[in-house]
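The structure under discussion appears below in the form of structure tokens.
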Amino acid sequence: MSLREKRAASFWPLALVFSLFVLFMYGPMLVIFILSFQGPEGGLTFPVRGLSLHWFYKLAEGLGVVDIGAALRRSLGLGLAVMACTVVLSVLAGLAFRKKLKGGNALFFIVVASLIMPSIIVSLGIGLEFRLLDTGIKAALGAFGMDSALEGFGTSLGLFTSALGAHLTWTLPFGLLIMFAVFNRFSPSYEEAARDLGATPWQGFRHVVLPLIAPSVVGIGMFGFTLSWDEIARTSQAIGDVNTLPLELQGLTSTVTTPSIYALGTVTTIVSFVVMGLTLALVWLLGRGRKGRASA
Amino acid sequence: MSSTAAPPPSANASPAPGRSLSAWWQATPLTVVFALFFLIPLALILMVSFWDFNEYELLPGFTFKNYISVFDGCSNMADMCTTLRTYLSTFKFCLLVWLITLVIGFAVSYFLAFHVRSSGVQTLLFVLCTIPFWTSNVIRMISWVPLLGRNGLVNQTLMEMHLVDAPVEWLLFSDFSVTLAFVHLYTMFMIVPIFNSMMRIDRSLLEAANDSGASGWQTLWNVIVPLSRTGIIIGSIFVITIVMGDFVTIGVMGGQQIASIGKIIQVQTSYLQFPLAAANAVILLAIVLMIIYGLTRLVDIRKEL
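And the structure:
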């Protein structure tokens, strides 16, 4: 039996490499989590001085001119919008790709191109697009003599216009690739059975396909939210006057010299992990529900 | 079978008429998003790169001024121009980060795919590697500060061991810290595709190689590496395109002192020099596309999915 074989000679060196790699991945992050719980005298480096939630309170009071609470709400709102759009559009497109889709290859190529396009280029392009749109809107308002509207008009760049679009160019490729992976292993015979029993296409989707792909759909939602929650490069030129939390954080790296910034890091990481935890719990529940139905 | 008049090649796949149409209704929202937020923006970058500008606004027109200004002074061979120096520095990071992530990614994937025998443990360890990916990149960057800073853990340790008299300065805000952060952030992009490729390798091929008397290295080089090629190339494309366009990591970890193409574009947009930034973006895009074209000559990605 191959299971009883002696370990290959390369096992231990590679196991060491793997352990060092995991340490390399987690070590620095653990360090800032620890440092964020320091006492009021704590600094940016070791040794740890005291133990308290002091720097989290400082964070809640705000860091300099930055309103952390507002940035957090903006990031949450945008993340939820991105999540919803990613789920709906990926599932729809995934269904479309199962059929003969004329031009599907071109669409697939564009989606993959978006995934590997340097983010600064996408971001710059979207920023340009909306600035040119602004110019056009202002010219139109001026031409029609709507001066009050012209004065009130700031910019069409914003959280739920340009920034939402920028995030979708990053989350949708992941969503579509997951849908591909799901439908590659999906047997169409269930749907055929449903059709033979007289189900309409919608009933077939609602009662047969959706429950089967539900765990992956939840996964796509998680991808959508967490990718948006941490996104900087694609947002940077495409967001306009306000900033999301990661952008604020990036700005703070050069100005804030207290462990408050580590506290902020701890908080955003906790949000990421809570979302992941909820997702995994949901996937597990959905999987259990399916098994329960199957055995009933 | 019989010769039917209507020859739909898709007859076996989709018996219902009009399905192609309904498929396009389903694909339309996605298509619209990529048209509005990807294709049109790219076209606008190309267009604006030929425009003129002043302090206040963009001036539609057609000029090569921006491209000429990007390569200003580049004909002088003795002293390299800023653009070439910046590209060389970006290439240097690309090559370094690519090599390091490739070696680490391959070793880690190899260990997970071929040495961990229980599939439960395998999944667990794989997930362990991917978890850090879900944390903000900036957090992962600044997490190096307490370690590498002037009074950081590494310097404290070195001083206590009397290996150095004064703190080592090149640990943070240097080429070293930038490369380290890139490896820390993006090795995952190598591990996932390589591991995926390795898991598809038929294990009996390895036994066959073993039975034919191949040494461990021969099996590795002649069987495993060629069969992991797709994963290696997909991972390489990810890492190279990310590093080529990056401005966040180089900014934060380089102490805003190190130049990169992405950084130049970002600075130019903050001064509202959009046509200049657009010209730089077009050149960056051309170079990235050439690299990807070269890499994809080696593999058909669509077929491998």
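Just so you know, the protein sequences line up as chains A and B, in that order.
Residues in the first sequence are numbered from 1 upward in steps of one, following the UniProt record's numbering.
Residues in the second sequence are numbered from 1 upward in steps of one, following the UniProt record's numbering.
Ideal Cβ placement from N, Cα and C applies to all residues, glycine included.
Nothing here was measured: the structure is a model prediction, and the numbers come from that model.
| query | Quick one: does A:M83 have its CB under 7 Å from some CB of chain B? | reply | In the first sequence, the residue the question calls residue 83 of chain A occupies position 83. It does not: the Cβ of A:M83 has no partner Cβ on chain B nearer than 7 Å.
| request: Check the Cβ of B:N222 against every Cβ in chain A and list those closer than 8 Å, keeping chain order. | output: Position 222 of the second sequence, counting from 1, holds the residue named residue 222 of chain B. Those do not exist, as B:N222 stays about 16 Å from chain A at its closest Cβ, beyond 8 Å.
| query | Distance, Cα to Cα, A:G94 vs B:Y186? | reply | For the purposes of this step, residue 94 of chain A is taken as residue 94 along the first sequence, with counting starting at 1. For the purposes of this step, residue 186 of chain B is taken as residue 186 along the second sequence, with counting starting at 1. For A:G94 and B:Y186, the distance between alpha carbons rounds to 28 Å.
| said: Taking 8 Å as the cut-off, does the region 49 to 66 of chain A touch the region 161 to 169 of chain B (at least 3 CB pairs, one atom from each stretch)? | reply: no
| query | Listing by chain order, which chain B residues have their CB less than 7 Å from the CB of A:I261? | reply | Numbered from 1 along the first sequence, position 261 holds the residue referred to as residue 261 of chain A. Within chain B, the residues near A:I261 are I142.
| task | Output yes if chain B places a C-beta closer than 7 Å to the C-beta of A:Q250; else output no. | result | What you label residue 250 of chain A is simply residue 250 of the first sequence in a count that begins at 1. Answer yes: the Cβ-Cβ gap between A:Q250 and chain B drops below 7 Å somewhere.
| said: Considering only DSSP beta bridges, list what A:V66 is partnered with. | reply: Within the first sequence, numbered from 1, the residue matching residue 66 of chain A stands at position 66. DSSP, once it has assigned bridges, lists A:L63 as partnering A:V66.
| task | Spell out whether any CB of chain A is found under 7 Å from the CB atom of B:L285. | result | As a first step, residue 285 of chain B must be located in the second sequence, where it is residue number 285. Closer than 7 Å: yes.
| request: Using a cut-off of 9 Å between C-beta atoms, extract the partners of A:D230 located in chain B. | output: Numbered from its first residue, the first sequence carries residue 230 of chain A at position 230. By Cβ distance, chain B contributes W134, T135, S136, N137, V138 and I139.
| field | Pick from A:V111, A:G77, A:A84 and A:T253 that is closest to A:F174, judged by C-alpha positions | value | Here the question's residue 174 of chain A lines up with position 174 in the first sequence. Answer by Cα proximity: A:V111.
| field | Near-chain A residues of the region 164 to 176 of chain B - C-beta to any C-beta below 7 Å | value | Those would be none; no residue qualifies.
| field | Closest by C-alpha distance to B:S228, when choosing among B:I291, B:I40, B:A23 and B:F106 | value | Sequence index remark: in the second sequence, residue 228 of chain B carries index 228 (1-based). For B:S228, the nearest C-alpha among the options comes from B:F106.
| said: Give me the chain C residues within the contact set of B:M244, using Cβ-Cβ distance strictly less than 9 Å, ordered along the chain. | reply: The displayed structure is made up of protein chains A and B, and chain C is not among them.
| query | Run through DSSP, which three-state label would A:F186 get? | reply | Position 186 of the first sequence, counted from the start, is the residue given in the question as residue 186 of chain A. If DSSP states are grouped into helix, strand and coil, A:F186 belongs with coil.
| field | Test item: CB-CB of B:I191 and B:C129 under 7 Å | value | Taking the second sequence and counting its residues from 1, the one referred to as residue 191 of chain B is at position 191. Taking the second sequence and counting its residues from 1, the one referred to as residue 129 of chain B is at position 129. In this structure, B:C129 lies closer than 7 Å to B:I191 by Cβ.
| field | Inter-residue Cα distance where the pair is B:G251 and A:G277 | value | Indexing the second sequence from 1 puts residue 251 of chain B at position 251. Indexing the first sequence from 1 puts residue 277 of chain A at position 277. When rounded, the distance between both Cα atoms is 32 Å.
| query | Measuring CB to CB, does B:Y67 end up less than 7 Å from B:A259? | reply | Locating residue 67 of chain B in the second sequence gives position 67, where the first residue counts as 1. Locating residue 259 of chain B in the second sequence gives position 259, where the first residue counts as 1. Taking 7 Å as the Cβ cut-off, B:Y67 and B:A259 do not qualify as a contacting pair.
| At which residues does the alpha helix (DSSP H) containing A:V217 begin and terminate? | On the first sequence, position 217 is the one that residue 217 of chain A refers to. That run of the alpha helix (DSSP H) goes L210 to W229.
| query | Rounded to a whole number of angstroms, what is the C-alpha to C-alpha distance between B:G149 and B:S174? | reply | For this step, residue 149 of chain B is matched to residue 149 along the second sequence. For this step, residue 174 of chain B is matched to residue 174 along the second sequence. Answer to the nearest angstrom: the Cα atoms are 11 Å apart.
| Bridge partner(s) assigned by DSSP for A:L252 | Counting from one through the first sequence, the residue named residue 252 of chain A turns up at place 252. Answer is none; A:L252 lacks a bridge partner.
| How would you list, in chain order, the residues of chain B whose beta-carbon sits under 7 Å from the beta-carbon of A:S10? | Counting from 1 along the first sequence, the entry for residue 10 of chain A is found at position 10. Going along chain B in sequence order, the residues near A:S10 (Cβ under 7 Å) are G216.
| query | So is A:L92 in contact with chain B if we call contact Cβ pairs under 7 Å? | reply | Along the first sequence, read from residue 1 onward, the residue named residue 92 of chain A stands at position 92. Yes, A:L92 counts as interfacial toward chain B.
| message | Taking the straight line between their C-alpha atoms, what separation do you get for B:N12 and A:E129? | response | Taking the first residue of the second sequence as position 1, residue 12 of chain B is located at position 12. Taking the first residue of the first sequence as position 1, residue 129 of chain A is located at position 129. Legend: pLDDT at B:N12 = 41, less than 50; position of this residue unreliable, no value from coordinates given.
| query | Does DSSP put B:D202 in a helix, a strand or coil? | reply | Within the second sequence, the letter at position 202 stands for residue 202 of chain B. In the structure shown, B:D202 sits in coil (DSSP, three-state: anything other than H, G, I, E or B).
| So what's B:L59 in DSSP terms, helix, strand or just coil? | Along the second sequence, read from residue 1 onward, the residue named residue 59 of chain B stands at position 59. The answer is strand: DSSP assigns B:L59 an E or B state.
| Beta-carbon separation of A:I213 and A:V242 under 7 Å? | For the purposes of this step, residue 213 of chain A is taken as the residue at position 213 of the first sequence. For the purposes of this step, residue 242 of chain A is taken as the residue at position 242 of the first sequence. No. Outside cutoff.
| Since B:Q218 and A:L92 are thought to touch, with beta carbons under 8 Å apart, how far apart are those beta carbons, to the nearest angstrom? | Counted from its first residue, the second sequence places residue 218 of chain B at position 218. Counted from its first residue, the first sequence places residue 92 of chain A at position 92. Going by Cβ atoms, the distance from B:Q218 to A:L92 rounds to 49 Å, so no, they are not a contact pair.
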